[in-house]
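Asks: Residue numbers for the sequence shown follow my numbering, so the first one is 1 and each next one is one higher.
Let me begin by handing over the structure; questions about it come next.
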Amino acid sequence: MKIVVIGHGMVGHKFLEQLHELGLAQADVTVLCEEPRPAYDRVHLSEFFAGKTADDLSLVEPGFFERTGFTLRLGARAVAIERRNHTVTTADGEVLHYDKLVLATGSVPFVPPVPGRERPHCFVYRTIENLEAMQASGAKSRTGVVVGGGLLGLECAKALRDLGLETHVVEFAPRLMTVQVDDGGGRVLKDKIEALGVHVHTSRNTVEITDGAMARHRMVFADGTHLEADMIVFSAGIRPQDALARQCALAIGPRGGVAIDEHCRTSDRNVYAIGECASWNDQTFGLVAPGYDMARVAARHIAGDAGASFGGADMSTKLKLMGVDVASIGDAQGRTPHCRNYQYIDERKQIYKKIVVSDDGKRLLGAVLVGDAAEYGTLLQMALNGIVLPEEPEFLILPSSDGKAKPGLGVDALPDGAQICSCNSVSKGQICAAVGDGVCTIADMKACTKAGATCGGCVPLVTQVMKAEMAKRGMAVNNHVCEHFPYSRQELYHLVRVGQIKSFGDLLAQHGKGLGCDICKPLAASIFASCWNEFVLKRELASLQDSNDYYLGNIQKDGTYSVVPRMPGGEVTPDGLIAVGQVAKKYGLYTKVTGGARVDMFGARLEQLPLIWEELIAAGFESGHAYGKSLRTVKSCVGSTWCRYGVQDSVGLAVELENRYKGLRAPHKIKFGVSGCTRECAEAQGKDVGVIATEKGWNLYVCGNGGMKPRHAELLASDLDKEQLVRLIDRFLMFYVRTADRLQRTSTWREGLEGGLDYLKDVLLHDSLRLADELEQQMQHVVDTYQCEWKTAVTDPAVRQRFRTFVNSSQGDQRIMFVQERGQIRPARPEERTGTAAVAEPA
């Protein structure tokens with residue numbers, strides 16, 4: 001079977017994924033993609049201006065086309081379809097035969113027929129090429145206007161604001177997002193958008209665009225007023241891309257779009273249409289979830305499943321536009337005859353909520369949420385599944401401060417067929433089945449079922465369903481640290497912080513039971529260090545530490561220890577290098593330069609550690625904390641000081657950052673990277689905290705990991721000055737310290753964070769939890785109370801006494817033996833311990 005797919009956007013690629021999953025290995029599939037790159041995520045297109053690249057937005061897994069055998073042709077535009085001969089002709093004259101043809105041509109932006117719309121520096125907002133052109137124009141502009149106040153228009157406004165432009169939104173209708181929200185919601189949304197610094201102009205009809213007096217353009221409105229801007233972007237809606245269908249005389253819907261039946265077939269039974277270009281039952285769908293559903297139906301039907309059918313789609317949606325929650329469910333406008341409305345407005349907090357219920361008060365018909373969409377998951381499931389409303393449905397949206405409990409929706413009330421993830425059509429039953437197969441984390445659930453993997457809006461509900469099913473099956477769903485404390489690490493942290501608890505005995509007496517164990521003791525030690533930053537080998541704290549922290553060094557496989565002096569930012573003087581070399585030579589230590597730009601020395605016996613560190617401290621070095629769950633290194637390139645490509649002083653910043661955070665204890669080790677330009681020589685985007693220089697300042701990336709499960713760091717904020725950067729890093733690190741689980745890296749912490757990066761930005765950038773000052777103060781306490789642990793240890797006789805192999809002798813462990821290799825020592829293997837090459841003492 002020869003299948004030709006015209007279009008390789010989000011929906012077109014979903015169709016290919018479905019074909020592959022259905023095992024159509026015998027199909028000869030050719031994909032014609034008009035754009036110069038494979039499918040990418042248009043839902044998150046505005047993140048291109050926040051630092052994401054085309055590769056970051058790509059939806060195509062590496063090796064997908066090689067594995068499937070499908071053929072992708074980029075820059076290949078189809079210009080004609082000949083249905084009688086079953087052929088498609090491309091712009092370069094090639095003719096392709098098909099048995100089945102799939103139209104996934106998407107949509108085109110609607111540009112109002114305004115004179116002057118084709119002037120230079122006027123754009124549409126649709127493709128990465130559009131965004132690249134906007135970016136180039138934005139670099140030469142001060143002000144920008146978006147024509148259109150719908151979903152895409154507000155996304156585009158965010159993009160212009162991210163470019164640093166004074167941003168305006170011009171909307172013909174009397175309110176923003178006319179399809180999704182009502183008048184009340186529109187007023188609150190307008191206020192919130194304007195509070196973010198974006199100027200909103202509603203009820204404006206643009207009649208022409210001419211030369212401006214103070215800017216490139218002047219937009220003249222029908223009421224005689226005008227607005228000047230250097231750059232104009234049209235984002236006034238979309239129209240189905242049905243030109244090919246019209247050319248080959250396929251049936252067209254009354255409002256455009258290729259007419260399809262329940263199997264996504266057009267009027268020609270060998271031609272299918274899916275996504276925004278399709279018209280089902282006289283409706284077109286501009287969201288990705290219905291398009292994905294059509295892609296699944298078309299693939300199954302082509303594969304021989306005659307029962308595969310598309311029955312329309314729920315157009316409910318939850319979005320975050322410039323940090324503002326907006327959600328719309330069902331009949332949001334309240335157009336159903338005899339329906340009832342319940343509204344809640346908080347003008348101080350700028351929150352608007354409305355539910356639309358049936359005349360008998362038993363069914364939820366629709367809802368609008370602006371400013372706070374916490375109830376979206378509950379309300380959506382009530383509407384989709386016809387769940388009977390409580391007697392007082394208004395309490396579904398009213399705050400609970402009046403003393404009445406807010407009625408919730410237990411996930412047990414949902415039928416197995418309830419659709420939890422609309423983007424990927426995942427039902428409650430599928431999530432429960434995945435739990436039965438052993439899936440018990442959100443990350444694994446996304447990988448297994450794809451629930452929550454596209455827009456992420458359903459993740460809270462997915463989590464509830466997963467945990468409820470785990471409890472039913474008798475699986476452990478608590479996150480208690482151990483049998484001695486019925487609390488999570490986060491809960492223990494808050495108990496310690498709020499209760500001013502500074503000893504394990506007090507913590508155990510107040511909140512635990514038993515004597516403690518090897519899990520809760522080091523955990524408590526870490527929390528005490530994060531909160532109070534006292535010397536870790538203080539008498540009442542020392543016994544809580546694990547071996548590495550107790551001896552302030554990583555214990556190696558042969559029983560020796562590593563010695564790692566701190567070299568902030570990888571910077572070290574020649575005298576410092578000489579001192580390190582002399583110490584290594586004197587004590588016969590193996591030396592190696594690490595990936596974090598430090599010198600590791602291996603092979604130190606326990607009793608040698610204080611002697612070695614005395615010499616290093618005298619040479620100006622401090623503990624490198626290589627043994628602790630703490631800040632390890634801040635890697636940097638040479639930056640603008642030496643490199644001809646560098647735009648900022650990466651070494652200077654790296655040194656400052658490492659010196660600021662060097663005493664911080666955390667749930668797991670932390671690594672930084674600082675790059676002086678986008679060439680990224682310090683590999684900052686593979687670090688827990690990554691900083692990359694721009695000509696305007698610094699971009700901050702977080703939650704990367706180059707370890708066992710590599711994760712690309714995500715852009716948190718752009719073009720920061722140094723003060724802003726440090727303040728944000730303070731908040732990020734302390735928020736991680738207080739909320740992460742035991743031994744959880746920032747990367748896995750971020751993966752499990754409900755609300756994802758948007759939530760993290762709300763907390764850190766917009767201070768949604770009102771914690772910013774507190775987090776900064778807590779970090780400053782850590783900075784102010786820093787001490788070099790080794791300096792304290794070598795000057796305290798009682799602590800020095802611990803660094804002995806034998807209680808009653810200062811003699812070292814003679815079982816430790818080394819052999820020479822490549823001019824250095826290494827531990828002797830068992831078969832070498834009786835050989836003449838083995839040496840018990842260092843050279």
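We put the CB at the ideal spot given by N, CA and C, even for glycine.
1) Determine the burial state of residue 427: buried for a count of at least 16 other Cβ atoms within 10 Å of its Cβ, exposed for fewer.
2) I'd like to know whether the C-beta atoms of residue 341 and residue 326 end up nearer to each other than 7 Å.
3) My understanding is that residue 240 touches residue 264, with C-beta atoms under 8 Å, so please give their C-beta distance in whole angstroms.
4) For residue 169 versus residue 200, is the C-beta distance shorter than 7 Å?
5) Quick one: Cα of residue 292 to Cα of residue 454, how far?
6) Could you name each continuous beta strand (DSSP E) segment of 3 residues or more that falls completely within the region 267-335, going from the start of the chain to the end?
7) Would residue 552 pass as an interface residue toward chain B - the criterion being a Cβ-Cβ separation below 7 Å?
8) Got a sec? Which residues, its chain only, sit under 8 Å from residue 287 by beta carbon, not counting five neighbours each side?
9) Quick one: Cα of residue 302 to Cα of residue 4, how far?
10) Can we say the region 499-507 touches the region 747-756, given the rule of at least three CB pairs closer than 8 Å?
11) In angstroms with no decimal places, state the Cα-to-Cα distance between residue 599 and residue 745.
12) Measure how close the beta-carbons of residue 380 and residue 329 come, nearest whole angstrom, since I'm counting them as under 8 Å.
13) In chain order, what residues of the same chain lie with their CB nearer than 6 Å to the CB of residue 568, ignoring the 5 residues before and after it?
14) Tell me the rounded alpha-carbon separation between residue 157 and residue 471.
15) In whole angstroms, what is the alpha-carbon distance linking residue 526 and residue 345?
16) Mind reading off the beta-carbon distance from residue 742 to residue 667? Whole number of angstroms is fine, and I expect it under 8 Å.
17) Taking the alpha carbon of residue 7 as the reference point, which residue from 77, 347, 819, 669 has its own alpha carbon closest?
18) Taking all protein chains shown into account, do 16 or more other C-beta atoms lie within 10 angstroms of the C-beta of residue 10, making it buried, or fewer, making it exposed?
19) Is the number of C-beta pairs between the region 99-114 and the region 57-68 that are closer than 8 Å three or more?
20) Among 390, 537, 463, which residue has its Cα nearest to the Cα of residue 421?
21) Can you tell me where the alpha helix (DSSP H) with residue 587 in it begins and where it stops?
22) Between the C-alpha atoms of residue 737 and residue 530, what's the straight-line distance to the nearest angstrom?
23) Just to confirm the assignment, what range does the beta strand (DSSP E) spanning residue 722 have?
24) If we call anything under 7 Å between Cβ atoms a contact, is residue 587 one with residue 602?
25) Cα-Cα, which of 825, 786, 509, 41 is closest to residue 884?
26) Please name the residue, chosen from 123, 718, 121, 309, that lies closest to residue 281 on a Cα-to-Cα basis.
27) Does DSSP classify residue 547 as helix, strand or coil?
28) Which runs of the alpha helix (DSSP H) fall wholly inside the region 181-241 and span at least 4 residues, in chain order?
29) Can you grab the Cα-Cα spacing for the pair residue 766 / residue 196, in whole Å?
30) Per DSSP, what kind of secondary structure is residue 539 in: helix, strand or coil?
31) On the premise that residue 202 lies in contact with residue 171, defined as a C-beta separation below 8 Å, what is that separation, rounded to the nearest angstrom?
32) Tell me the start and end of each unbroken alpha helix (DSSP H) in the region 5-70 that is at least 4 residues and wholly inside, in chain order.
33) So, are the CB atoms of residue 145 and residue 235 less than 7 Å apart?
34) Is residue 412 helix, strand or coil when you go by DSSP?
35) Excluding the 5 residues flanking residue 597 on each side, which residues of the same chain have their C-beta closer than 6 Å to its C-beta?
36) Could you give the residue range of the alpha helix (DSSP H) that holds residue 816?
Replies: The short version:
1) buried
2) no
3) The Cβ separation is near 14 Å, so there is no contact.
4) yes
5) 11 Å
6) 271-273, 278-280, 317-321, 324-330
7) The question asks about chain B, but that chain is absent: this structure has only one protein chain.
8) 313, 315, 317
9) 12 Å
10) no
11) 24 Å
12) 5 Å
13) 655, 658, 659
14) 44 Å
15) 44 Å
16) 6 Å
17) 77
18) buried
19) no
20) 463
21) 574-587
22) 7 Å
23) Not the beta strand (DSSP E): residue 722 falls in the alpha helix (DSSP H), residues 722-739.
24) no
25) Since the first residue of the chain shown is 1 and the last is 843, residue 884 is not available in this structure.
26) 309
27) helix
28) 183-195
29) 10 Å
30) helix
31) 5 Å
32) 10-21, 54-57, 64-68
33) no
34) helix
35) 570, 635
36) Segment: none, residue 816 is in no alpha helix (DSSP H) and carries neither H nor E.
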